[in-house]
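**Student:** Residue numbers (our numbering): -17 to 569. Every residue gets a Cβ at the ideal spot worked out from N, C-alpha and C, and that includes glycine.
Following this line, the structure appears as structure tokens:
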């Protein structure tokens, strides 16, 4: 038994959807083979029961031979025991294969999401990504669940066909040739069903995206009275999903009815021919009973084959969605080796595109009348977004450093504070919820960590958030931090950024949602907390600008002036216009 999640889910074959599905099967070939063997023995033992029953009639009941009757009764008992045991084994391996294939797909998709990072949502809507994990993962595993039964269905069908061929060539030929012909006719249904299910899947993904966006922005929608507008949009998209579902339902109903109709027609035909031969004296009473048992049994392999076709369609669509996630290329190649040594922590950071120079060990503020310009510089300073990047740190291009080292040493805190569900302490420290103290040394480290957390919260003026949370640092943050105001979330995000202790910290509009008194406290404490380390703040707040060692003014994305806040206010009209207008807007 292997543990899941896997230490390494493997390197999938992504050249096509079919190759990917074959690769998944190959990764668990042992349990697939065992499940198929169990399925074969199970169905073949069931297929032999009518033969044993017929022989018991001919050799025990008809001649009145008690010994023959007991002998074939024991054979029936043995076949039943074998069928029961192998059925349990087949079911065990079926569930095993289903779960392992599903979780392998989930791990691969999760690795793809982590690897691609922000590039993923530029290619796929977030709702579609959620749908991959909510629906497609389990549908992928469903086809491997049925492989044991499919193998048993094929082998038992051939066994029954051979028995009938030996007893009655016309019936044997009918069974061996008729079944595949009927299943081949399902190709008329499979293609349209696959196409319509894919279209429905696309519409359902859009609906999930719209729902997630609406719920996330519900507070804003209520503030502007836009609930009804988004409700109508959701209703319209729901109708499109329903419309696609109706289109799928027609063909799906045809496939489901084929599971009953085709085997039923087949059974009726075989029974009718067998009865005619029994009337003509070409079949004995026992053979007639056996033939009826065969025809009843044949519904099982035929229905199994049709079910596998249905599951295969769903798995094919699901595998395609997983491959779409895996196909997204990240903005940066994490496997790319370093071509330059890591610079000193207090080295200067330079963005040639804008002309911005951030002096090492100092607090630098970026000011622009258009916040997106300063945010773009902040992204380039942290090597965010698709490359290539020309930003240098200590004369070394960030592109020449491993992206993991860049992320660890240059931290960019985005303006939108994102909080996740979990213990507050873990949210701020960025560690897993199961990372708990154990030994005395662990307890000491935990105490040190709590002291660091409290210091960061003090700097971010967020101790009031801690006091209001039941359980303090052990309290649970609700989804997206919805119980907090925008200013509280922003201050918690600032504390989280400070706790990284990054040599270079870039803060994008860190106090845009807080009041002036709180902002003044944050400005004083931030400068002291980060003293001697490189810090960049994008802002137009005079309170923060007044505490900066140097202020850089951007106009049309380029540096137009630099100096202290007081010098620029006194001597640069453009700077004065931007800052004083922002101050007037706040008041």
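Looking at the strands, I want to know which residues DSSP matches up with residue 375.
**Tutor:** Residue 375 is bridged to 331, 378.
**Student:** Would you mind working out which of 299, 512, 552 sits nearest residue 3, comparing C-alpha positions?
**Tutor:** When only C-alpha atoms are compared, the closest one is 299.
**Student:** Given residue 560, which residues of its chain have a CB within under 7 Å of its CB, disregarding the five upstream and five downstream residues?
**Tutor:** Correct list, in chain order: 349, 351, 522.
**Student:** Using CA coordinates, which residue listed in 54, 37, 92, 48 is at the minimum distance from residue 304?
**Tutor:** Closest by alpha carbon: 92.
**Student:** Could you pull the DSSP bridge partners for residue 544 from this structure?
**Tutor:** The partner list for residue 544 (beta bridge, DSSP) reads 534.
**Student:** Specify the secondary structure class of residue 570 as computed by DSSP and reduced to three states.
**Tutor:** Nothing about residue 570 can be reported from this structure: the residues present for the chain run from -17 to 569 only.
**Student:** Report all residues from its chain with a CB closer than 7 Å to the CB of residue 396; omit the five preceding and five following residues, and keep chain order.
**Tutor:** Answer for residue 396: 490, listed in chain order.
**Student:** Counting only runs that start and end within the region 461 to 537, where is the beta strand (DSSP E) found for 3 or more residues in a row?
**Tutor:** Within the region 461 to 537, the complete beta strand (DSSP E) runs of at least 3 residues are 486 to 490, 516 to 520, 532 to 537.
**Student:** Thinking C-alpha only, which one of 247, 0, 310, 284 is nearest residue 122?
**Tutor:** Per the Cα distances, 0.
**Student:** Alpha carbon to alpha carbon, how far is residue 498 from residue 536? Give it in angstroms, no decimals.
**Tutor:** C-alpha separation (whole angstroms): 24 Å.
**Student:** Since residue 356 is in the alpha helix (DSSP H), which residue starts that stretch and which ends it?
**Tutor:** 353 to 363 is the span of the alpha helix (DSSP H), which, as asked, contains residue 356.
**Student:** What's the call for residue 508, buried or exposed, on a 16-neighbour Cβ count within 10 Å?
**Tutor:** By the neighbour-count rule (16 or more Cβ atoms within 10 Å), residue 508 is buried.
**Student:** Would residue 443 and residue 503 qualify as a contact pair, given that the criterion is a beta-carbon distance under 7 Å?
**Tutor:** Contact flag set, yes.
**Student:** Can you confirm whether the region 20 to 32 touches the region 58 to 72 when touching is taken to mean that 3 or more C-beta pairs between the two stretches lie within less than 8 Å?
**Tutor:** The region 58 to 72 vs the region 20 to 32: in contact.
**Student:** Along the beta strand (DSSP E) that carries residue 340, what are the first and last residues, could you check?
**Tutor:** First-last of the beta strand (DSSP E) with residue 340: 338 to 340.
**Student:** Near residue 477, what residues of its chain come up, given a Cβ to Cβ distance below 8 Å and the 5 sequence neighbours on each side ignored?
**Tutor:** Result list for residue 477: 410, 435, 438, 439, 441, 442, 444, in chain order.
**Student:** Could you spell out the range, first to last residue, of the beta strand (DSSP E) harbouring residue 346?
**Tutor:** Here the beta strand (DSSP E) through residue 346 covers 345 to 350.
**Student:** Apart from the five residues on each side of it in sequence, which residues of its chain come closer than 6 Å, Cβ to Cβ, to residue 338?
**Tutor:** Counting only Cβ-Cβ distances below 6 Å, and skipping sequence neighbours, we find 359, 534, 541.
**Student:** So, for residue 528: in the same chain, excluding its five sequence neighbours on each side, which residues have a beta-carbon less than 8 Å away from its beta-carbon?
**Tutor:** Contacts found: 505, 547, 548.
**Student:** Do you know how far the Cα of residue 466 is from the Cα of residue 616?
**Tutor:** Here the chain comprises residues numbered -17 to 569, so residue 616 is not present and cannot be evaluated.
**Student:** Take residue 57 and list the residues in its own chain whose beta-carbon comes closer than 7 Å to its own, dropping the five residues that flank it on each side.
**Tutor:** Excluding positions up to five away in sequence, the list reads 34.
**Student:** Just the C-alpha distance for residue 158 and residue 82, rounded to the nearest angstrom, thanks.
**Tutor:** Cα to Cα, the separation comes out at about 35 Å.
**Student:** Between residue 39 and residue 25, what straight-line distance do the alpha-carbon atoms span, to the nearest angstrom?
**Tutor:** Spanning the two alpha carbons is a distance of roughly 22 Å.
**Student:** Taking only beta-carbon atoms, is residue 109 less than 7 Å away from chain D?
**Tutor:** Note that chain D does not occur in the displayed structure, where there is just one protein chain.
**Student:** Closest to residue 126 by CA distance: which of 280, 116, 297 is it?
**Tutor:** Per the Cα distances, 297.
**Student:** Specify, as a first and last residue, the run of the beta strand (DSSP E) that residue 395 falls within.
**Tutor:** Run containing residue 395: 392 to 395, per the beta strand (DSSP E) assignment.
**Student:** To the nearest angstrom, how far is the alpha carbon of residue 329 from that of residue 500?
**Tutor:** Computed Cα separation, rounded: 31 Å.
**Student:** Could you name the residues that DSSP lists as bridge partners for residue 447?
**Tutor:** For residue 447, which the question treats as bridged, DSSP gives no partner whatsoever.
**Student:** With DSSP collapsed to three states, give me the class of residue 458.
**Tutor:** Three-state result, residue 458: strand.
**Student:** How far does the alpha helix (DSSP H) with residue 138 in it reach, from first residue to last?
**Tutor:** Element bounds for residue 138: 129 to 149.
**Student:** CA-CA distance, residue 273 and residue 42?
**Tutor:** Each residue's alpha carbon lies about 18 Å from the other.
**Student:** Expressed to the nearest angstrom, what Euclidean distance is found between the alpha-carbon atoms of residue 414 and residue 225?
**Tutor:** Bear in mind that the predicted position of residue 414 carries a pLDDT of just 44, short of 50, making it unreliable; the figure below should be weighed with that in mind. If I take the Cα positions, the gap works out to 43 Å.
**Student:** Pick from 63, 98, 131, 302: whose alpha carbon is nearest that of residue 14?
**Tutor:** Closest option to residue 14, Cα to Cα, is 131.
**Student:** Give me, in chain order, the residues of the same chain whose beta-carbon lies closer than 6 Å to that of residue 36; leave out the 5 immediate sequence neighbours on both sides.
**Tutor:** Closer than 6 Å at Cβ, skipping near neighbours: 268, 269, 271, 272.
**Student:** Can you list, in chain order, the residues of its chain with a C-beta nearer than 6 Å to that of residue 9? Leave out the 5 residues immediately preceding and following it.
**Tutor:** Around residue 9: -8.
**Student:** How is residue 367 classed by DSSP in three states: helix, strand or coil?
**Tutor:** Coil at residue 367, not helix or strand.
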